[in-house]
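As structure tokens, the structure follows; a few thoughts come after it.
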Amino acid sequence: MVANAKGGCGKTTMATNLASYLSSRGHGTALIDYDPQGSSMDWLQVRDEHLPKISGVAAFQRHVPNASTRTWSLRVPVGTTRVIIDTPAGLSGNVLSDLIQQSDVIVIPVIPSAIDIRAATAFIRDVLLSRAYRINPKPIAVVANRVRKNTLIYAKLERFLSSLQIPFVAAFRDTQFYVRASEHGLGLIDIGQTESKDMEEWLVLMEWLEKTIEKIRPADNSGQ
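Residue numbers for the sequence shown follow UniProt numbering, so the first one is 1 and each next one is one higher.
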């Protein structure tokens, strides 16, 4: 699950790039969009059918009164081994607890601004104090997003993320590659950036995710 209650931190960009990377590596991949804006589903609609397949679920269109009864595995094709959940802004309360319960791993993107740092602090607190997390803690990682490394505000963000008792896994730079790729339903892996500095950061994140999932689900090798 890619989550942060703060809007505009790049959750959809991260979710779609995770999905494109995993599908390119042969995983049966599904992308579940819980955000009413439907940006992940829009991305899938313009994705070329000849690219590695990613199944999509517009979960925001399938709200039920008792969210805890939702079962993501019933909404993805047989053979799906990786599920990415894109979440909405303002995530809190019962919906947050439900999504924590449904997830194996939580990735929290944070962009370099004072407002976003404060919002991330509050969101991480909400996750850790949620009933679902206290009953069954899930691995959490934070990543810095849309960064310019030689800036004071990034230095402040880096200090903040490093101070958390949560893995600070990667830092993704502010680049137009993501904008151009998303317009065509592509991820960074799809546009020939496999040797770039940007992809190096993605490989670090993916290695952490895969090792974490292997520890959680060594038998069935599935994860979300």
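Here a beta-carbon is modelled for each residue, glycine too, at the ideal position from N, C-alpha and C. All figures in this text were calculated on a predicted structure; none of them were measured in a lab.
- Within the region 126-175, the runs of beta strand (DSSP E) that reach at least 3 residues and sit entirely inside it are, in chain order, 140-147 and 168-173.
- When only Cα atoms are considered, Val46 and His184 end up about 6 Å apart.
- Membership of Ala30 in the beta strand (DSSP E) is indicated by the continuous run Thr29 to Asp33.
- Taken through DSSP and simplified to helix, strand or coil, Gly93 comes out as helix.
- Per DSSP, the beta-bridge partners of Asp86 are Val2 and Asp33.
- Per DSSP, the beta-bridge partners of Gly56 are Leu31.
- When secondary structure is reduced to three states using DSSP, Val179 falls in the helix class.
- In the DSSP annotation of this structure, Ile108 is not part of any alpha helix (DSSP H); the continuous beta strand (DSSP E) holding it starts and ends at Ile106 to Val110.
- A contact is defined here as three or more CB-CB pairs under 8 Å, and the region 201-213 fails this definition with respect to the region 39-56.
- In the pairwise beta carbon analysis, the region 14-26 is classified as not touching the region 121-130: fewer than three pairs are separated by under 8 Å.
- Note that the C-beta distance between Phe172 and Leu161 is not below 7 Å.
- Using a 10 angstroms sphere on the CB of Gln61, the tally of other CB atoms stays under 16, which defines it as exposed.
- By the neighbour-count criterion, in which a residue is buried when 16 or more other Cβ atoms sit within 10 angstroms of its Cβ, His27 is buried.
- Here the C-alpha atom of Arg148 lies approximately 11 Å from the C-alpha atom of Glu158.
- Of the candidates Glu49, Pro52, Val105 and Ile85, Ile85 places its Cα closest to the Cα of Ala58.
- Taking all protein chains shown into account, Thr87 has 16 or more neighbouring C-beta atoms within 10 Å of its C-beta and is therefore buried.
- Thr81 carries a coil assignment under DSSP once its states are collapsed to helix, strand and coil.
- Excluding its 5 nearest sequence neighbours in each direction, Gly56 has C-beta neighbours in its own chain below 6 Å: Leu31, Met41 and Leu44, listed in chain order.
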